[in-house]
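Since the structure comes first, as structure tokens, the remarks are kept for the end.
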Amino acid sequence: MFKGKLLHGGDYNPEQWLDCPEILEEDIRLMEEAGVNCVTLGVFSWAVLEPEEGVYDFNWLEERIDRLGEAGIQVILATPSGAMPHWLTQKYPEAMQVQENGKRNLPGKRHNFCYTSPVMREKIHALDERLSEQFGKKENVILWHISNELGGNFSDGACHCKLCQEAFRGWLKKKYKTLDNLNRAWWGRFWSHVYTDWNQVHSPAPHGEWSMTGLTVDWRRFVSEQMSDFCRSEIQAVKKYSDLPVTTNFMAFFKNLDYNRLKQEIDIISWDSYPFWHKSKDEVPEAVWASANHSLMRALKKGPFLLMESVPSAVNWREYNPLKRPGMHMLSSLQAVGHGSDSVQYFQWRKGRGAYEKFHGAVLDHLNGKNTRTFRDVAEVGERLYALTECLKGTVNVPKAAVIFDWENWWAVEDTTGPRLDLDYVECVLAHYRAFWEAGIEADLIGMDEPLDGYRLVSAPLNYMYKSGYANKVKRFVENGGLYVTTYFSGAVDDTDLCFTENHPLEDVLGIVPEEIDAPSEEFANSFSYQGREYPAVRMCAVVHPKEGTEVLSVYEKDFYAGAPVVTRNSYGEGQAFFIAAQSDMDFLRVFYRDMFQKAGLQNALGIELPYGVTITERVPQKGYKGQAAEEGVVFVMNFRHEPAELSGLGEWKDAENGEIVSSVLRMEKLSCRILTK
Amino acid sequence: MFKGKLLHGGDYNPEQWLDCPEILEEDIRLMEEAGVNCVTLGVFSWAVLEPEEGVYDFNWLEERIDRLGEAGIQVILATPSGAMPHWLTQKYPEAMQVQENGKRNLPGKRHNFCYTSPVMREKIHALDERLSEQFGKKENVILWHISNELGGNFSDGACHCKLCQEAFRGWLKKKYKTLDNLNRAWWGRFWSHVYTDWNQVHSPAPHGEWSMTGLTVDWRRFVSEQMSDFCRSEIQAVKKYSDLPVTTNFMAFFKNLDYNRLKQEIDIISWDSYPFWHKSKDEVPEAVWASANHSLMRALKKGPFLLMESVPSAVNWREYNPLKRPGMHMLSSLQAVGHGSDSVQYFQWRKGRGAYEKFHGAVLDHLNGKNTRTFRDVAEVGERLYALTECLKGTVNVPKAAVIFDWENWWAVEDTTGPRLDLDYVECVLAHYRAFWEAGIEADLIGMDEPLDGYRLVSAPLNYMYKSGYANKVKRFVENGGLYVTTYFSGAVDDTDLCFTENHPLEDVLGIVPEEIDAPSEEFANSFSYQGREYPAVRMCAVVHPKEGTEVLSVYEKDFYAGAPVVTRNSYGEGQAFFIAAQSDMDFLRVFYRDMFQKAGLQNALGIELPYGVTITERVPQKGYKGQAAEEGVVFVMNFRHEPAELSGLGEWKDAENGEIVSSVLRMEKLSCRILTK
Amino acid sequence: MFKGKLLHGGDYNPEQWLDCPEILEEDIRLMEEAGVNCVTLGVFSWAVLEPEEGVYDFNWLEERIDRLGEAGIQVILATPSGAMPHWLTQKYPEAMQVQENGKRNLPGKRHNFCYTSPVMREKIHALDERLSEQFGKKENVILWHISNELGGNFSDGACHCKLCQEAFRGWLKKKYKTLDNLNRAWWGRFWSHVYTDWNQVHSPAPHGEWSMTGLTVDWRRFVSEQMSDFCRSEIQAVKKYSDLPVTTNFMAFFKNLDYNRLKQEIDIISWDSYPFWHKSKDEVPEAVWASANHSLMRALKKGPFLLMESVPSAVNWREYNPLKRPGMHMLSSLQAVGHGSDSVQYFQWRKGRGAYEKFHGAVLDHLNGKNTRTFRDVAEVGERLYALTECLKGTVNVPKAAVIFDWENWWAVEDTTGPRLDLDYVECVLAHYRAFWEAGIEADLIGMDEPLDGYRLVSAPLNYMYKSGYANKVKRFVENGGLYVTTYFSGAVDDTDLCFTENHPLEDVLGIVPEEIDAPSEEFANSFSYQGREYPAVRMCAVVHPKEGTEVLSVYEKDFYAGAPVVTRNSYGEGQAFFIAAQSDMDFLRVFYRDMFQKAGLQNALGIELPYGVTITERVPQKGYKGQAAEEGVVFVMNFRHEPAELSGLGEWKDAENGEIVSSVLRMEKLSCRILTK
């Protein structure tokens, strides 16, 4: 926690209102009423901070920071590289992105810069250093916020300009040393794609190469590298005169940027959460989606993170944008905290009058001042967070299970062709994660390069690519007693998308020999029976052969591969490995993982079965926390249903907020969160 | 009326048949048989009129005009700028459009020119002046027709070349004087979009700016300005040697060009009507669509207009193109006349042998000469129009109600983001207009800048943008006894898409304070009860608070905003204002407007309830008509059903065509029109 | 047959495995086990054959050919122009294609070259000549294979570079002599599209001309011409030192290239067949599709052809890719042979480790060597083909019926606008062809320029364009006793898409006068009664008038054209012509053609009714076959159902493979083929 607080506040853009002093004054007053203790300043403010090249105007910012400080409000200070001022793009058009069609962008929008561009870096560094000098030691400035949603721009988020092509070639040279190595890694003799000069390499493009998956996956790696490098260069600038930690706001399941790479540059993970609540009366899919992202963010650095943006009412960019129903703002805010966030921050404090986000939800609307449902909802969150501060201090979630979620695998499995083109890695991971969520058993979402130590159960669905060292790590994990689950289309290729040709790398651990994969039409869907109930086998049906000693728990019931295994178990060392050969449905995954949890000795913090729509998480005092941590763990019980829920059999707990004793039965309002402690 | 005639005829392209004299001769003969009294010549004829730069060949045209004159057929003479000859695009490629992606078009298609291009203007003016000189005083030439369907070209209809960018900047300078003003109007500090040099402004582009709605709406205004300027420059050329009036053919609900701007340049409104008849057995939606466009065109200059194009059988450019069923050609022709058209003109007289429109319906097909159903249908229309001439002379429709339909609002409400992205302004306006249509109560479709005097009821659905002066005009209208209806998402922004921040500009008139707008998913659809029946509240549900004294006629029945108003009434001065908070369905609008009509003292010309599928309009002698007008009004009764209809309770009328007395009951054939008088 | 063999084998890419000698050795061994007697080498091998400009390395290829020769395996040797090496595109970027948007491609993918480019031709010819010199007389090299799937590249397959524009203009000059002729043929005065300089002509482009159908159809002709010219130029190169015949692999219903043009350059037709088996349990549509393509390929040169590519398991490029069910590989292989193929070849022998086609089915997978279902399936095919060799020697199918399938008609009818835009010519032809297939009556698919001699029944559905001479040929065909069937929207335009303006060119033969064509919506669908049963008339309903003496067999039952003919018969000379005015369904076509077959005296080889899902073909000794042909015809009976079938009433036959006598009843396994002889 920052200075012992749960942060509450959000993006604040006073530069849009500098000619309305009464608005600026009202802002401070209403922040206090709303229990806001922290705002983010400076995102997209470049044109106001540096109105002409080399001419800086920080007075308004200093005034605001000071005024906020007087009101006891902390500041997260952003570097403004998220949007380029017009004087910059006019004088240095080469600083703008080139899209994959080879066309240089025109000025406008945001995130429109080349990550390689020296002039872009030079200009933003000069400004960042000044910001660092002037504000880096301000008392109420607590954190640097680098740029905004890095990579969230045109099409693939990457720049394809000549400088980027050069940088890509340099990166490849460093990685492969020789073209021979590169040609071998990319299987270059297919379609005569042998490179004989480094300059022949070009980024993937619709009017050029897009069929060479080795190139594509390396290009994506390079893009993440280059974005991270840009971020690092800004960090160096802001740290010049400041010791404050840095963050940058991540996005939900953001494919263009490998956060396992970028996280290495920053101190604190933060992210922007925008679940699509009220798409359906069944809020569980969105709740699972949000929890999965929280779990991913928390797992990146195995510790607390910040919810940097969320919306207090409705966003403005979806096809349709429902208002948050009563209770949902509180519930989704506490969901973040329950999963390890030490903040609830909003985009945005006040709706602007014009341009793209003028109807994006905010604490303050255009009309009615504080007399709105939204304002009241926000103030309630502020109050509750304030009250929870002590009992959450120094706590964090410590799951005993993990689901593998890996960017490189994501890229590779969706870019490859066959057995089907519509594979959705995130959807698949979410289905498996949901089984954990429904049981109230927390799981980290971790990359393949992360250690597996400390987990009892690791699930690796659709784990197509085995990066170097991964198979051995899994072997050791299972040997040492771990429980490992994986599926069809796992372990097919190595780091550069070359198929394994000897054996499946985990053949011994899984105890199966894969032969072929059917991608049947709906009419040819298969089925299998598991523990006496029948489940569908659809879309992807691997045909594998069990090795001797492998236990076949279920087999296909139809078609020519009737009798081939669908679920297998193999003991290996002290542990066990399970293989699921076919895509099925949630009903199956729910039952399957119930067994896994039992075998792994995992249960949720309350030790009970949860009704549909309810999940729980637990924050426990963090090992090595510097400061006075809470003494007890706290359990967040969340009801995402539009009706009340009743949990029974949970023993005796105490409501951490009102002290009420909860004994055996816990009754919950619709869309609500209760926080319990022992 | 032109020289006392209802025009009947259409586009005639003899230049395609100059080497077939027998065809040219047959044309005249069959025109006479078809009752054709007017044709349009010269549309797209540039390459034949000026086969080489500066070399003109008008002989064929003169021959045709004279020959037509001999047969008593009048001529509308078009300038041929609708399509550029290849010698022009070859020598002056800069005269062709640049699309929004920055790419210069290649030659081909039509409408492919830059509206700013000096060379295009120079070349067409030289030709126009010659046409003016040679034909401007011909006895049977009655009207200039400028170009063709202006703006109906590639993508957004606009040119994005350097000259257009320059012109746009000049237009902005004139409008805003200073960049400060512009930055304020466009809310430029959002995303650092502050302009510090006029040259930084660029038209909206997919690879540049498209998120700045102030820029976008101004760009659209400029494009309309530039097209109008081009039109004006051609008008100057044709008027050099001629006093004839000018028109240009408009298109149905054509978004790219604000006809309220362009109408200022021309003398007579004309338009091209292509309803999609027979898409469904229920022809009402298409009939409403056509009537709405007629009403819009008529309202532009508050007077008679010309139906410039329609198809005598089927068009060729829709996914599928049904033949007009018997009766429909007559009915849709008279529908135009009934709404104020003084003509029924066709595209086209004769199908060409080749290229894009060879299968577009025409009076004459490739085969069978006049021995076709289509030719007979056309001849019948000619005969009937001829017979109606006297009783329609000097008459026009004079509605007492108006529906606001405004181009700038259209652009703004569909370009903005939130509460939902799929808003369809035309669809919404049509739903409200349909309530009038079904009741047989005529309404003008007018822009926000038009006076409201003379109307008893004004409806302004989805009236998102309040242009300067609009709110005050509405206030005065209601104060003076007018009845005003408006809906959710009205009055949100000013002329440059800046949100109002004090109050809703019509808060006092409407008697409501808006708070938030829900855009619910289908599962969360709401409902309300109105006069004892329940109606759906879907897609857009505003939550507003009634002010003291405002009468709440209906409230939401579900969800957290149950009890909030859906329909309100507020008395203001002598009048009343109604607010509809949610999108509903046709059933609701039908009932709601029935009440409005009653309150406003509006009834249709027959004073009766109409069966479904039947509508009526009335033409009355026009005030100030120069010439001998008819003495009585005439009522057009139109049955768009595929079955007979019976109207009862209508008192005594006379069939204006056969003199038959209609007493109390009027029986109508399917797809037919009866014309009654007192 | 080549050297008396039914070829079995496929694409072999040893260049991908040159550093794995054990793999190369295993290849030969397993080919022998799989009954492979022929492989295709060199497709896409340019980068390995000529690693630097002018530096050749043929050693690996020679070694492989010799090694294959030792194993008794023949070689089809491909020229490697299907993919360009990077040294070529780097040094000569002008050799790459320019797409229709005017953008030059980047290197990558395959088929990325300009067919006109002199440098591309020079480089590939130099290589081809060397190949010819070194391998053109090798004993086990039997056939040249030019390039790969010509035209199968970006978007429309055509190059739009300046050189191609020049070549197009040259081609037009040669065709039209004068611009006057061209302008007349393209109806250039429409929209002022008169060309006054040859340089004004540009290929169709989205940002230029696409509305001029005369230009478009000529452009498509030119593109076919240019591709054929490129192919011819390669043929000249390989024939420099070699007398071997040449082929190039065609694709299924490939619109971009008129195979009736390209066939003139090559000696032997071959094609790549990839039906989408198991999309549905009803395999008939795909079986019909495959048969139709086989029939098209066979008819191109009226003789045996080669199945050059097929997949032994699943492809990798469809949205989903089902495994071939047991039996289907054998059945679809024999389907090809039954329709006239003298080979069963695969793409590919062994799956590569990387890049775009690593998961494309192959005889050998990445794992498990020969221990796969796929390998066993392939080996069975090899065995069965070997056993069938003698009884198929010198045989070919000789249908007595033909369905017109013409590329120029295809282009024209789908490019024109009206009466509906979604016409699908292939779908329409397939529906008619299917009636033949279901009856087991073979039909050739032939172009309009082919002779009709020898056929008793010719069907020409959706025969929109009548090329010069076609109408007269049909007249003679019917006069001489032929039975001719055609439909709505036939005979509308001439070679350059100009509508006929006198009469329908076959008015006398068909005995009808067409008036108009309705393209009704679903709600306005019509119907007709034929032989006592009602059928739908949908999507396209021509209204025609019977001439005197024409027999009306069925009429519309609804709408204003109720009573107009749907099916007519007209006797003309010794023959009869049938006209079908409306699109109907398969039920109608089945019944209609049953009558046609009877009238034409056509029956299938077994002379019986076939159960659904079963078809038959017959190969008979070929007239003029050089060599020892089989003495008897053989009949292929194919069951495409997933259940057994029973055929009865077929008299006495002998199973050509096991000698078993089949008397009266033939029982068939699911997905199986029986081969009978007398």
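Sequence lines, in order, name chains A, B and C. Each residue of the first sequence is one higher than the one before, starting from -13 at the first, in this note's numbering. Each residue of the second sequence is one higher than the one before, starting from -13 at the first, in this note's numbering. Each residue of the third sequence is one higher than the one before, starting from -13 at the first, in this note's numbering. Heads up, the beta-carbon is just placed ideally off N, CA and C, and yes, glycines get one too. Computed from a prediction, not measured in an experiment: that's the story for all the values here.
The beta carbon of B:F510 falls within 7 Å of a beta carbon belonging to chain A, placing the residue at that interface. Taking 4 residues as the minimum length, the alpha helix (DSSP H) runs contained wholly in the stretch 334 to 408 of chain B are 359 to 378 and 393 to 401, in order along the chain. Linking C:L282 to C:L416 through their CA atoms gives a straight-line distance of about 11 Å.
One Cα belongs to C:V553, the other to C:S197, and the distance between them is close to 34 Å.
By the 16-neighbour rule on beta-carbons within 10 angstroms, B:K379 is buried.
Distance from the CA atom of B:L317 to the CA atom of B:V444, rounded to whole angstroms, is 29 Å. Non-local beta-carbon contacts of C:R116 in its own chain, meaning distances under 8 Å to residues more than five positions away in sequence, involve Y42 and F44 in chain order. The closest CA to that of A:A64, considering only A:L320, A:S31, A:I661 and A:D142, is found on A:S31. DSSP, read as helix, strand or coil, puts A:I59 in coil. Pairing B:N98 with B:Q83 gives a Cβ-Cβ distance under 7 Å. Between the alpha carbons of B:Y579 and B:H418 lies a distance of about 8 Å. Check the Cα spacing between C:R442 and each of C:D253, C:P0 and C:A586: the tightest is with C:A586. For the 7 Å CB-CB criterion, A:A567 and A:V464 do not form a contact.
Contact check between the stretch 416 to 436 of chain B and the stretch 270 to 278 of chain B: three or more CB pairs, one atom from each, fall below 8 Å, which counts as touching. Checking the DSSP bridge columns, you'll see C:M82 partnered with C:F99.
The DSSP-derived three-state label of A:Q250 is helix. If you ignore the 5 residues before and after A:T472, its C-beta comes within less than 8 Å of the C-beta of S445, A446, P447, N449, L492, L496, A563, F564, F565 and I566, all in its own chain and listed in chain order. For A:S507, the three-state secondary structure derived from DSSP is coil.
Residues of chain C with a Cβ closer than 9 Å to the Cβ of A:E400 do not exist; the shortest Cβ-Cβ separation is about 13 Å. If you look at A:P190, you'll find it isn't in any alpha helix (DSSP H); DSSP assigns it neither H nor E.
Taking all protein chains shown into account, B:I647 has fewer than 16 neighbouring C-beta atoms within 10 Å of its C-beta and is therefore exposed. Within 10 angstroms of the beta-carbon of C:S634 lie fewer than 16 other beta-carbons, which makes it exposed. With contacts defined as CB atoms closer than 7 Å, C:D258 and C:M294 qualify as a contacting pair. Around the C-beta of C:V389, 16 or more other C-beta atoms lie within 10 Å, and the residue is accordingly described as buried.
For B:K267, the chain C residues whose Cβ falls inside 8 Å of its Cβ are E509 and F510, in order along the chain.
The closest CA to that of B:V382, considering only B:A615, B:V600, B:Q212 and B:V224, is found on B:A615.
Chain A places no beta carbon closer than 7 Å to that of C:E655, leaving this residue out of the contacts.
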